[in-house]
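Protein chains in written order, with the numbering used here: chain U, 25 to 864; chain B, 478 to 679.
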């Protein structure tokens, strides 16, 4: 049973790996490639003496082969590192381990070639490895958190980075002048240039370390946001100082400095603005990609990368451009695209980002094994390490102190310590150092080796000690990440309350701005950038409600699968058909969202671990009988017979088609819908009965004795004795009753197919009452009852999440199965219209 | 600046008093209608509940019960004080105390009949109002969401229930439990500083 999306991902993976990673190593291998070409010239000279059957053409494939081998090795490295960190220690961060593994690999290569054949070179890094990491980080940025802390993030990113660059550069220069470093050919401007490249905290390293530490969300967003934005800042600073260095000291006057500052502003804000423009383009584009669902996911990557390259072309800040493109488009893109495409984007994004992160760390290690770049100057290197560390701490405390004057909830000292300790330098600094022009900066190699040492020191040593530090300082950890529905509701109410109180005190405060923006966004921006359908559907709470129900559905399915409940499969079939026929249209009216979204959610939730659903929804519902108790061979035979009778034929039919542009297999959404409906119903069923208790015997026998056509073989039906709490019953009954009369045209199919709690008929409606309320005695079934599907009470109870029945599951199953076997011949099979009484 | 931020300072009190005067049209007391006239409030889906909270004597910290018709400045200030930021350096107990009082305020807002529990109907009412602004969600959906949320509360606070169990509603203890992860004590606050009385006159 091939899952379409897994195939999809494989394809995507292949395509993107080739697209993105390939060129990188071609560049990375530049020296090697030359060598290859040399060989290439020699080869054709051999004379062909006979027709070779098989030839060994290594040189034809050498470059792509080496590229893919490196990718493969990187994958294996990640695998081994992850396994290692499972078994050996959980303290060691993966990034550090990867770098060390890079040392080993570099050593092996060195041993084989006696030369540095592979290394990370700046164009590779900046054009092929970095963009997807930044795009990933920004696309998954928690926007609300980010924008509510934007002020602080900007302060750290802009002023903090400038502070670091200036202080490190000036202090090093001061020490140099004092004669600590001996004789070096570095001037003040070069020191400042070096300071600017070493100033920025690296997002790759920071995410890699902080992801494993789980600090509280404000601290995380501060460090993360800062690292993301200050990369842009540091590149701009670097370019300015680079230009200054080219100009040379004497020609720099006040006008040039002013121009430098001005270009800083233009480059940074221009880049951000460009990113926003591309985000708007992207959002508009996804409004009309409905018919090319297969490739719409690709647009995110293409347009994102385009924003990066365009900014680079215009010499604006490419990193800021792609950052803001990701941040701004995420909401609209996610709403506009098909849910499957969103999932695809999500997975592909993670795949790419993770892949290049591995490559980066690995190659940071591999690069180190090179005799050429290592120039040792004790004073310079140690002082750089010291200054980088100290000024990060001073800067953090200084800017936090200023920020705390304005922040309502101040940043605590402990958080500040972690923030300053989390100032990890990474590949961006190395890339910039490697880009230095040797003509202008004679001590380039010293700077590269110093940068590498700073990177190793921060990533490995600080990375390792980060976790113990966080534990030791008792930093507030992240609360559970997954909010419950009730919490979301409360948060929503809370926002309104704060806004209202602000209104009452009559102050234009934070909430006023948020609200004003939200209103503007809702009225104009969403209108422009979002499909109208998506606009209606995007209510946050409703989505959670969906997810919740879907999770239930999945639990339900996997539970059924686990237990190998054949009865489960059977009743699904019948119920499903009924539902479609009878209520599809009504539901479509009332809750269009459900109908529309249903299929989407099968893949839409990232934390599904339930493979059955993700692999293929269809068979998990109906085909899997492997879990079935095989003790009884007879049962098996019956099972097959039964399944054959009740399966959708159509499901199998699409299996053999192949299409490049469509997945036809899952076009039939009935199964998903029906699972969804079912759980919605069972949620409320269980809730109601749990809430009000049930007094089944009196009520039910009074009203109608329809349900129990069969005695349960083991007589379990209602030994638990529900109590009908009258007052609550009335309350709930009143509400649902109204809906009931409105929406339920045919009461009998309710039992068969409708699972939506909203439409659930109330308890005391004469036509329908929960089956488990019935007494065990078989009662002459009414016409109505006969048309009902045999929902056995026990099965329902099993579905209910809140009630734990006194009956064991096995006995339910036995009951169900035996039921099935008895009656499967007479089951009303497909169509409700011509359903005949089960028992005549 | 540290201290003024955390407590209602004299300056803030005078600002609030100005505001109070303005809202009540220079009367000694404030009535519901006065609050309803605030323009910005009109778009707030749960404004009736918020206004009600100002007239709920449970929130006056005087052990009163029931709602009143009009409040004086003292009560107004008391209700407002629920929205202070917590002081910077406090002990765990103080923090817990602040948290409880803030949560109690929220709880009271939901528990309209003052029986100590938020029943399903009360909760449904809240959710319906809360969602009444987002057009796509009908009343039924709101109800469904409220039910699902309630179900969640039940499963969190009581755990798995026997078939004949009866979950009568969210008690305050349960309320504390479900909102365990939310840092109410630091989130529930607004800035009292810089209140600009001229803004109000629109």
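Beta carbons are placed, not taken as given, at the ideal position from N, Cα and C, and that holds for glycine.
These numbers come from a predicted model, not from an experiment.
Straight-line spacing of the CA atoms in residue 264 of chain U and residue 220 of chain U works out to 10 Å. Straight-line spacing of the CA atoms in residue 158 of chain U and residue 489 of chain B works out to 44 Å.
By the C-beta density criterion, residue 524 of chain B is buried, having at least 16 other C-beta atoms within 10 angstroms.
In terms of Cα proximity to residue 596 of chain B, the closest of B:578, B:574, B:575 and B:623 is B:623. Taking a 10 Å sphere around the C-beta of residue 494 of chain B, we find fewer than 16 other C-beta atoms and assign the residue as exposed. Among the bridge pairs identified by DSSP, residue 595 of chain B is matched with B:647. If you draw a straight line from the Cα of residue 117 of chain U to the Cα of residue 146 of chain U, it comes to about 25 Å.
Taking the C-beta atoms as reference points, residue 362 of chain U is found no nearer than 9 Å to residue 140 of chain U. The residue among U:333, U:428 and U:334 with its C-alpha nearest the C-alpha of residue 173 of chain U is U:428.
Residue 267 of chain U has its alpha-carbon roughly 54 Å from the corresponding atom of residue 657 of chain B. Taking 9 Å as the cut-off, the beta carbon of residue 424 of chain U is found closer than this to the beta carbon of residue 435 of chain U.
Taking residue 601 of chain B as the centre and dropping the five residues before and after it, the same chain places the C-beta of 620 and 623 closer than 7 Å to its C-beta, in chain order. Its chain contains 652, 653, 656 and 661 as the residues whose beta carbon lies nearer than 7 Å to that of residue 580 of chain B, once the 5 sequence neighbours on both sides are disregarded; these appear in chain order.
Contacts with chain B at 9 Å (Cβ-Cβ) include residue 518 of chain U.
In this structure, residue 165 of chain U and residue 300 of chain U do not form a Cβ contact; the two beta carbons are roughly 14 Å apart against a cut-off of 8 Å. Under the three-state reduction of DSSP, residue 507 of chain B is assigned to strand.
Cβ atoms of residue 487 of chain U and residue 228 of chain U stay farther apart than 8 Å, at about 12 Å. Exclusion of the five residues before and after residue 260 of chain U leaves 288, 291, 292 and 341 as the residues of its chain whose Cβ lies within less than 6 Å of its Cβ. Counting C-beta atoms within 10 angstroms of its own C-beta, residue 91 of chain U has 16 or more neighbours from the protein chains shown and is therefore classed as buried. Residue contact check for residue 528 of chain U against chain B: a CB pair falls below 9 Å.
Per DSSP, the continuous alpha helix (DSSP H) segment holding residue 365 of chain U begins and ends at 363–392. Under the 10 Å beta carbon count, residue 275 of chain U is surrounded by fewer than 16 other beta carbons and is classified as exposed. Using a C-beta cut-off of 8 Å, the region 172–187 of chain U makes no contact with the region 369–384 of chain U, since fewer than three inter-stretch Cβ pairs fall below that distance.
Distance from the Cα of residue 560 of chain B is smallest, within the candidate group B:539, B:582 and B:606, for B:582. In the DSSP assignment, the residues bridged to residue 548 of chain B are B:507.
Under the 9 Å criterion on CB atoms, residue 653 of chain B is classed as non-interfacial with respect to chain U.
Residues of the same chain with a CB within less than 6 Å of the CB of residue 462 of chain U, apart from the 5 flanking positions on each side, are 468 in chain order. For residue 469 of chain U, the enclosing alpha helix (DSSP H) covers residues 468–480. The closest CA to that of residue 459 of chain U, considering only U:472, U:447 and U:448, is found on U:472.
Counted as a single uninterrupted DSSP element, the alpha helix (DSSP H) harbouring residue 159 of chain U occupies residues 154–163. Distance check between residue 122 of chain U and each of U:149, U:262 and U:232 places U:232 closest, using alpha-carbon atoms only. Contact of residue 93 of chain U with chain B is not assigned, every C-beta pair being separated by 9 Å or more.
For the options U:192, U:385 and U:234, the alpha carbon positioned closest to that of residue 217 of chain U is the one of U:192. Contact with chain B is found for residue 511 of chain U, since one of that chain's Cβ atoms lies less than 9 Å from the residue's Cβ.
Secondary structure in the region 178–209 of chain U: the alpha helix (DSSP H) runs of 4 residues or longer, each lying completely within the stretch, are 185–201 in chain order.
Boundaries of the alpha helix (DSSP H) around residue 118 of chain U: 118–137.
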